[in-house]
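Participant: The structure follows.
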Amino acid sequence: MKSHYRVVVIGGGVVGSSVLYHLAKFGWTDVVMLERRRLASGSSWHAAGGIHALNADPNMAALQAYTIDLLSEIEQESGQNIGLHMTGGLTLAGTPDRWDWLQANYRIFQSIGIDDCELMTPEEAQKRCPIMSTEGVLGAMWADREGYIDTTGTVQAYATAAKKRGAEYYEETKVEELIQTADGWEIVTDKGKITCEHVVNAGGLWAKQVGRMAGIELPVSPLKHHYLITDTVPEVAAADFEMPMTVDLEGFTYMRQDQQGVLVGIYEIDHEHWAMDGAPWDYGEELFQEQLDRIENELTLGFARYPVIENVGIKTWVNGAFTFSPDGNPLVGPVPGVKNYWCACAVMAGFLQGGGVGKTLAEWMIEGEPEADAWSMDVARYGQFAENKEYIKQTTGQFYSRRFVMTYPNEQLPAGRPLNMAPAHDAMTEAGCKWGVSYGLEVPLYFAPKGFEETPTLKRSNAFEIVGEECRHVREHVGMVDTTGFSRFAVKGPGAEAWLNGLLATKLPGPGRARLAVMLSPEGRLKGDLTLFNWGDGTWWIMGSYYLRAWHRRWFQDHLADGVEVHDISDNIVGFSLAGPRARDVIALLSPEVAELPFMGCGNFDIGLHRARVGRLSVTGETGYEVNVRAADHIGLRRTLLNAGAALGIREFGFNAMLSLRLEKSFGIWSAEFTQDRTPGMTGMDRWIAWDKGDFTGRAAALAERDGNGPARSLVTLEIDSDDADASGYEPVWSDGALVGFVTSGGYGHTIDRSLAMALVDSEVSQPGQALSVHVVGKECAARVISPSPYDPDGKAMRG
Ligand SMILES: Cc1cc2nc3c(=O)[nH]c(=O)nc-3n(C[C@H](O)[C@H](O)[C@H](O)COP(=O)(O)OP(=O)(O)OC[C@H]3O[C@@H](n4cnc5c(N)ncnc54)[C@H](O)[C@@H]3O)c2cc1C
Numbered sequence: 167m168k169s170h171y172r173v174v175v176i177g178g179g180v181v182g183s184s185v186l187y188h189l190a191k192f193g194w195t196d197v198v199m200l201e202r203r204r205l206a207s208g209s210s211w212h213a214a215g216g217i218h219a220l221n222a223d224p225n226m227a228a229l230q231a232y233t234i235d236l237l238s239e240i241e242q243e244s245g246q247n248i249g250l251h252m253t254g255g256l257t258l259a260g261t262p263d264r265w266d267w268l269q270a271n272y273r274i275f276q277s278i279g280i281d282d283c284e285l286m287t288p289e290e291a292q293k294r295c296p297i298m299s300t301e302g303v304l305g306a307m308w309a310d311r312e313g314y315i316d317t318t319g320t321v322q323a324y325a326t327a328a329k330k331r332g333a334e335y336y337e338e339t340k341v342e343e344l345i346q347t348a349d350g351w352e353i354v355t356d357k358g359k360i361t362c363e364h365v366v367n368a369g370g371l372w373a374k375q376v377g378r379m380a381g382i383e384l385p386v387s388p389l390k391h392h393y394l395i396t397d398t399v400p401e402v403a404a405a406d407f408e409m410p411m412t413v414d415l416e417g418f419t420y421m422r423q424d425q426q427g428v429l430v431g432i433y434e435i436d437h438e439h440w441a442m443d444g445a446p447w448d449y450g451e452e453l454f455q456e457q458l459d460r461i462e463n464e465l466t467l468g469f470a471r472y473p474v475i476e477n478v479g480i481k482t483w484v485n486g487a488f489t490f491s492p493d494g495n496p497l498v499g500p501v502p503g504v505k506n507y508w509c510a511c512a513v514m515a516g517f518l519q520g521g522g523v524g525k526t527l528a529e530w531m532i533e534g535e536p537e538a539d540a541w542s543m544d545v546a547r548y549g550q551f552a553e554n555k556e557y558i559k560q561t562t563g564q565f566y567s568r569r570f571v572m573t574y575p576n577e578q579l580p581a582g583r584p585l586n587m588a589p590a591h592d593a594m595t596e597a598g599c600k601w602g603v604s605y606g607l608e609v610p611l612y613f614a615p616k617g618f619e620e621t622p623t624l625k626r627s628n629a630f631e632i633v634g635e636e637c638r639h640v641r642e643h644v645g646m647v648d649t650t651g652f653s654r655f656a657v658k659g660p661g662a663e664a665w666l667n668g669l670l671a672t673k674l675p676g677p678g679r680a681r682l683a684v685m686l687s688p689e690g691r692l693k694g695d696l697t698l699f700n701w702g703d704g705t706w707w708i709m710g711s712y713y714l715r716a717w718h719r720r721w722f723q724d725h726l727a728d729g730v731e732v733h734d735i736s737d738n739i740v741g742f743s744l745a746g747p748r749a750r751d752v753i754a755l756l757s758p759e760v761a762e763l764p765f766m767g768c769g770n771f772d773i774g775l776h777r778a779r780v781g782r783l784s785v786t787g788e789t790g791y792e793v794n795v796r797a798a799d800h801i802g803l804r805r806t807l808l809n810a811g812a813a814l815g816i817r818e819f820g821f822n823a824m825l826s827l828r829l830e831k832s833f834g835i836w837s838a839e840f841t842q843d844r845t846p847g848m849t850g851m852d853r854w855i856a857w858d859k860g861d862f863t864g865r866a867a868a869l870a871e872r873d874g875n876g877p878a879r880s881l882v883t884l885e886i887d888s889d890d891a892d893a894s895g896y897e898p899v900w901s902d903g904a905l906v907g908f909v910t911s912g913g914y915g916h917t918i919d920r921s922l923a924m925a926l927v928d929s930e931v932s933q934p935g936q937a938l939s940v941h942v943v944g945k946e947c948a949a950r951v952i953s954p955s956p957y958d959p960d961g962k963a964m965r966g
């Protein structure tokens with residue numbers, strides 16, 4: 167072992183080995199992986215080795231598809247047999263909603279390029295998997311690229327392939343301490359000290375402790391998981407083909423062939439955490455005693471699905487642990503605030519996702535940015551709120567138990583909630599507010615009559631009319647929405663203006679003005695759709711999406727300059743926004759000066775008893791005022807605004823209405839229209855770029871795009887002929903049967919009475935009037951491109 171490496175990867179499980187392999191593959195060979203025992207001696211050795219395509223999150227599905235394709239490549243490259251059995255796989259649907267969901271997902275797969283799937287009747291599915299009973303099955307999806315692998319062989323293959331490319335790994339080498347140095351890390355191991363520039367936590371079951379070595383509390387916990395392997399099943403032995411990997415979602419089981427028997431794995435509803443502070447250091451290749459009382463119900467369902475196993479013995483029980491984050495996705499990327507400390511942990515399906523995780527992390531370390539949008543696994547999607555043990559317990563437990571349970575797009579899950587609340591939360595609840603959650607904060611969805619409960623559905627819900635009424639009220643009168651769920655950063659210091667000018671692609675607003683600000687990566691891809699306020703007193707504010715707080719904070723910190731201070735003030739500053747044709751009348755009653763603010767003007771004012779920073783803007787497309795105050799003023803400000811607006815018919819609305827109103831204006835939002843793998847040209851964000859203002863981050867790349875052949879895809883607004891459901895995102899868009907794009911977001915335009923979507927489509931079919939079709943919840947609907955902003959295209963209401 168050398169005394170210095172560019173990168174030290176801690177942990178030789180499937181994930182660490184994949185990170186090592188990808189670093190070497192992409193050109194960083196001065197890298198080493200340290201493993202406290204032998205390769206694969208954490209959760210990796212006892213995994214079921216199943217690989218399957220389905221994931222409710224399209225980004226994760228794409229990651230899984232990459233990993234599956236990589237497996238035969240690393241087998242070839244390493245010369246190590248990985249026991250790959252590409253049997254194909256079935257996913258079964260056992261309820262009408264699940265069948266709708268599966269059909270919708272089949273279509274989403276098409277739009278993300280996974281095209282080896284087909285939908286099947288129960289009878290067709292049974293031909294592929296003759297040992298299964300089709301009792302209760304309504305339909306199935308077949309995927310060619312599913313099956314299983316030998317787990318330790320696969321870890322060996324990644325590590326061997328990495329070594330062949332120049333990387334090193336050492337077993338029986340435990341990392342005991344991490345000390346941050348001026349230019350990296352000192353790694354204290356039981357075999358001596360080494361130094362490195364970057365450290366990667368791929369500690370799997372021990373990731374929590376490897377985080378704590380650097381003072382980081384990662385939101386991760388191990389949970390226990392069962393599978394069984396049967397003795398020989400005569401029907402399996404007699405078959406002249408292998409049984410496919412079969413996932414029975416309503417039965418909470420997955421099944422694959424194992425020699426001449428089968429392996430059945432169980433996602434236990436009655437879940438059990440283990441070693442929440444990380445596995446004990448002396449934990450080796452041990453298993454837990456099976457806990458039949460915890461899995462009785464799922465076992466009964468499993469035996470009913472595969473009746474042939476009732477007559478054979480169980481050869482092996484495995485009850486082992488593996489790790490989960492609160493939303494079940496991996497924790498990957500640079501940890502905010504800790505220089506050169508990278509995460510590749512909480513990978514719940516390492517054999518299925520590990521390849522993609524390794525690729526993403528290696529690109530990030532080497533290029534500065536991953537190629538694809540890595541948001542859904544970015545460690546920065548969590549903040550301090552997720553360090554709490556009870557929060558981690560509730561959320562990881564909820565994810566585990568619901569692993570095979572369908573979550574509807576309008577469903578609110580209870581774990582870890584309510585956690586953070588705006589001061590007026592209780593008063594708003596009293597007024598009928600129904601809450602969602604963003605980055606640990608309760609955010610208002612809509613206001614409903616007492617006793618109202620929203621029914622989970624894939625289609626329009628029973629809250630449709632309530633939200634519609636809120637939208638119409640904003641367009642016709644005046645509405646008020648709590649804006650605590652916007653993030654706010656204060657930027658100050660002698661270097662603030664120059665720093666902002668270099669960081670943002672937009673012209674900076676003058677004193678007392680606000681402006682939409684585009685932020686780009688050096689590669690010219692989007693990094694932010696922000697609003698910049700120049701308060702005229704030396705203070706600037708950057709406002710953005712609340713859930714991106716840690717993500718933006720990390721970017722600002724990584725690009726900070728001398729003479730600039732950036733503070734995340736989102737916990738201290740809250741607010742309300744007024745919107746609608748009567749908004750000015752309401753505000754005039756409290757401050758005639760504010761009523762005089764021009765469109766996109768901003769300043770410090772008195773609103774009743776409250777000192778506020780007010781901006782004249784709104785995402786609804788109406789005349790709007792965003793009133794920002796200290797958290798202690800939140801309750802008082804709400805009362806003040808409601809009292810002032812009472813005679814003018816003011817009423818509160820929530821984010822659901824706000825999203826519908828912005829769609830009617832074709833205003834894009836982050837994680838839908840705007841993501842970090844898209845460019846200004848393809849999303850229309852180029853119109854906010856100040857080409858003539860001098861240099862800024864991403865300018866050269868953005869210029870190259872501008873002066874090139876034009877983007878292959880463009881963002882358009884669609885109207886869709888759909889009666890009972892709306893698009894939500896990633897649905898495929900077709901032109902004469904050819905796939906031409908996908909939906910970025912959708913919903914109902916309540917005040918123009920149309921089902922709307924925004925979509926990225928091939929530029930040749932992006933002109934208004936173009937006839938297209940879109941699959942909405944699995945059903946093909948006619949659609950057409952319409953001119954942007956179907957409501958008030960000239961923006962008179964907003965500017966007026
Ligand atoms: C019963 C069961 C069935 C499963 N089935 C599947 C399946 O079908 N498909 C699938 O994809 N996944 C499956 N999984 C999940 C899979 O096992 C994990 O996702 C995967 O093993 C995670 O790999 P890892 O490398 O992150 O962690 P681990 O395998 O836990 O590896 C971490 C490694 O880091 C080492 N380490 C930790 N701290 C240090 C230190 N300080 N110094 C040096 N070394 C250190 C450990 O010794 C360990 O080897 C299953 C898991 C279980 C328990």
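If you want this note's numbering, it's the position in the sequence shown, counting the first as 1, plus 166. Even for Gly, the Cβ is constructed at its ideal location relative to N, Cα and C. What you are looking at is a predicted structure, and each value in this text was computed from that prediction instead of being measured.
1. From F488 to L783, what does the alpha carbon distance come to, in whole angstroms?
2. Measure the alpha-carbon distance for D919 versus P500 and round it to whole angstroms.
3. Within the continuous beta strand (DSSP E) that includes Y232, where are the two ends?
4. Is S209 near ligand 1 - that is, is its Cβ less than 6 angstroms away from at least one heavy atom of it?
5. Buried or exposed for W721, going by 16 or more other Cβ atoms inside 10 Å?
6. Closer than 7 angstroms by C-beta to T561: which residues in its own chain qualify, once you throw out the five before and the five after it? Chain order, please.
7. Would you mind sorting I475 into buried or exposed? The rule is 16 or more other CB atoms within 10 Å of its CB.
8. Please report the distance separating the alpha-carbon of G370 from that of V657.
9. Could you check the C-alpha separation between N554 and K962 for me, to the nearest Å?
10. Is the CB-CB distance between L256 and W194 below 7 angstroms?
11. Please determine, among L607, H212, T320, A797, the residue with the shortest C-alpha to C-alpha distance to H251.
12. When you compare the CB positions of G912 and A893, do they come within less than 7 angstroms of one another, or not?
13. Might you give, ordered along the chain, the residues of its own chain that have their beta carbon closer than 6 angstroms to the beta carbon of R422, omitting 5 neighbours on each side?
14. When DSSP builds the beta bridges, which residues end up paired with R422?
15. Measuring only the C-alpha atoms, how far is M924 from T910?
16. For M252, does the three-state DSSP call read helix, strand or coil?
17. How about G651 and L579: do their beta carbons lie closer than 7 angstroms?
18. Report yes if the CB atom of G427 is closer than 7 angstroms to the CB atom of I395, and no otherwise.
19. Would you kindly work out how many angstroms separate the C-alpha atoms of D282 and A231, rounded to a whole number?
20. Give the secondary structure of V633 by DSSP, where H, G and I count as helix, E and B as strand, and everything else as coil.
21. Can L974 be considered in contact with ligand 1, in the sense that its beta carbon sits closer than 6 angstroms to one or more heavy atoms?
22. What's the C-alpha gap between G787 and R828?
23. What first and last residue would you give for the alpha helix (DSSP H) that runs through N667?
24. Closest to W701 by C-alpha separation, out of L674, M685, V684, would be which residue?
25. Go to M531, then tell me how far its alpha helix (DSSP H) extends in each direction, as first and last residue.
26. Report yes or no: do three or more beta-carbon pairs, one from the stretch 621-639 and one from the stretch 684-691, lie closer than 8 angstroms?
27. For the putative contact between A323 and S244, defined by C-beta atoms under 8 angstroms, what is the C-beta separation to the nearest angstrom?
28. From this set, F765, V785, A797, which residue's C-alpha is nearest R777's C-alpha?
29. Comparing alpha-carbon positions, which option in T339, W440, L415, D397 lies nearest D424?
30. Residues bridged to D544 by DSSP?
31. DSSP has L755 in a bridge; who is on the other side?
32. Is the stretch 689-697 touching the stretch 603-617 in the sense that three or more CB pairs, one from each, lie closer than 8 angstroms?
33. Are the CB atoms of P388 and W440 within a distance shorter than 7 angstroms?
34. For D443, which residues of its own chain have a beta-carbon under 7 angstroms away from its beta-carbon, when the five flanking residues on both sides are left out?
35. Within its chain, find whatever has a CB closer than 7 angstroms to the CB of Q276; leave out the 5 residues flanking it on each side and keep chain order.
36. Report yes if the C-beta of I278 is less than 6 angstroms from at least one heavy atom of ligand 1; otherwise report no.
Facilitator: Let me lay it out:
1. As a first step, residue 488 must be located in the sequence shown, where it is residue number 322. As a first step, residue 783 must be located in the sequence shown, where it is residue number 617. Cα to Cα, the separation comes out at about 48 angstroms.
2. In the sequence shown, counting from the first residue as 1, residue 919 sits at position 753. In the sequence shown, counting from the first residue as 1, residue 500 sits at position 334. Computed Cα separation, rounded: 45 angstroms.
3. Your numbering for residue 232 matches position 66 in the sequence shown. No beta strand (DSSP E) contains Y232, which is instead part of the alpha helix (DSSP H) from 224-244.
4. If you number the sequence shown from 1, residue 209 lands on position 43. Result yes, Cβ under 6 angstroms from ligand 1.
5. Residue numbering aside, residue 721 sits at position 555 when the sequence shown is read from its first letter. W721 should be labelled buried.
6. Taking the first residue of the sequence shown as 1, we reach residue 561 at position 395. Counting only Cβ-Cβ distances below 7 angstroms, and skipping sequence neighbours, we find P492, A581, G582.
7. Walking along the sequence shown from the start, residue 475 turns up at place 309. When all chains shown are included, I475 counts as buried.
8. In the sequence shown, residue 370 corresponds to position 204, counting from 1. In the sequence shown, residue 657 corresponds to position 491, counting from 1. Approximately 38 angstroms, taken between the alpha carbons.
9. For the purposes of this step, residue 554 is identified with residue 388 of the sequence shown, where counting begins at 1. For the purposes of this step, residue 962 is identified with residue 796 of the sequence shown, where counting begins at 1. Whole-angstrom Cα-Cα distance: 48 angstroms.
10. The residue labelled residue 256 in the question sits at position 90 within the sequence shown. The residue labelled residue 194 in the question sits at position 28 within the sequence shown. No, the Cβ-Cβ distance between L256 and W194 is not below 7 angstroms.
11. Numbered from 1 along the sequence shown, position 85 holds the residue referred to as residue 251. For H251, the nearest C-alpha among the options comes from T320.
12. Mapped onto the sequence shown, residue 912 falls at position 746. Mapped onto the sequence shown, residue 893 falls at position 727. Result yes, Cβ atoms of G912 and A893 sit closer than 7 angstroms.
13. Here residue 422 corresponds to residue number 256 of the sequence shown, with the count starting at 1. So the qualifying residues of the chain are G216, Y314, M411, L429.
14. Locating residue 422 in the sequence shown gives position 256, where the first residue counts as 1. L429, per the DSSP bridge assignment.
15. Translated into the one-based positions of the sequence shown, residue 924 becomes position 758. Translated into the one-based positions of the sequence shown, residue 910 becomes position 744. Separation of M924 and T910 (C-alpha to C-alpha, rounded to the nearest whole angstrom) is 6 angstroms.
16. What you label residue 252 is simply residue 86 of the sequence shown in a count that begins at 1. DSSP places M252 in coil when its eight states are reduced to three.
17. Here residue 651 is taken as the residue at index 485 of the sequence shown, counted from 1. Here residue 579 is taken as the residue at index 413 of the sequence shown, counted from 1. Going by C-beta atoms, G651 is not nearer than 7 angstroms to L579.
18. For the purposes of this step, residue 427 is taken as the residue at position 261 of the sequence shown. For the purposes of this step, residue 395 is taken as the residue at position 229 of the sequence shown. The answer is yes: Cβ separation under 7 angstroms.
19. The residue given as residue 282 occupies position 116 in the sequence shown. The residue given as residue 231 occupies position 65 in the sequence shown. Rounded to the nearest angstrom, the two C-alpha atoms are 11 angstroms apart.
20. Taking the sequence shown and counting its residues from 1, the one referred to as residue 633 is at position 467. Taken through DSSP and simplified to helix, strand or coil, V633 comes out as helix.
21. Nothing can be reported for residue 974: it is not among the residues displayed for the chain, which extend from 167 to 966.
22. For the purposes of this step, residue 787 is identified with residue 621 of the sequence shown, where counting begins at 1. For the purposes of this step, residue 828 is identified with residue 662 of the sequence shown, where counting begins at 1. Approximately 7 angstroms between the Cα atoms of the pair.
23. Position 501 of the sequence shown, counting from 1, holds the residue named residue 667. From DSSP, the alpha helix (DSSP H) with N667 extends over 662-669.
24. Taking the sequence shown and counting its residues from 1, one reaches residue 701 at position 535. Nearest option by C-alpha distance: L674.
25. Walking along the sequence shown from the start, residue 531 turns up at place 365. First-last of the alpha helix (DSSP H) with M531: 516-533.
26. no
27. Position 157 of the sequence shown, counted from the first residue, corresponds to residue 323. Position 78 of the sequence shown, counted from the first residue, corresponds to residue 244. Yes, A323 and S244 are in contact; Cβ-Cβ is about 4 angstroms, under 8 angstroms.
28. Indexing the sequence shown from 1 puts residue 777 at position 611. Minimum Cα distance to R777 is reached at A797.
29. On the sequence shown, position 258 is the one that residue 424 refers to. Looking at the Cα atoms, D397 is the closest of the given residues.
30. Here the question's residue 544 lines up with position 378 in the sequence shown. Per DSSP, V498.
31. Locating residue 755 in the sequence shown gives position 589, where the first residue counts as 1. Its beta-bridge partners do not exist; DSSP assigns none.
32. These segments do not touch.
33. Position 274 of the sequence shown holds residue 440. Position 222 of the sequence shown holds residue 388. Yes, the Cβ-Cβ distance between W440 and P388 is below 7 angstroms.
34. As a first step, residue 443 must be located in the sequence shown, where it is residue number 277. So the qualifying residues of the chain are K374.
35. Locating residue 276 in the sequence shown gives position 110, counting from the first residue. Taken in chain order, the residues that qualify are P898, L905.
36. Here residue 278 is taken as the residue at index 112 of the sequence shown, counted from 1. I278: no, Cβ never under 6 angstroms from ligand 1.
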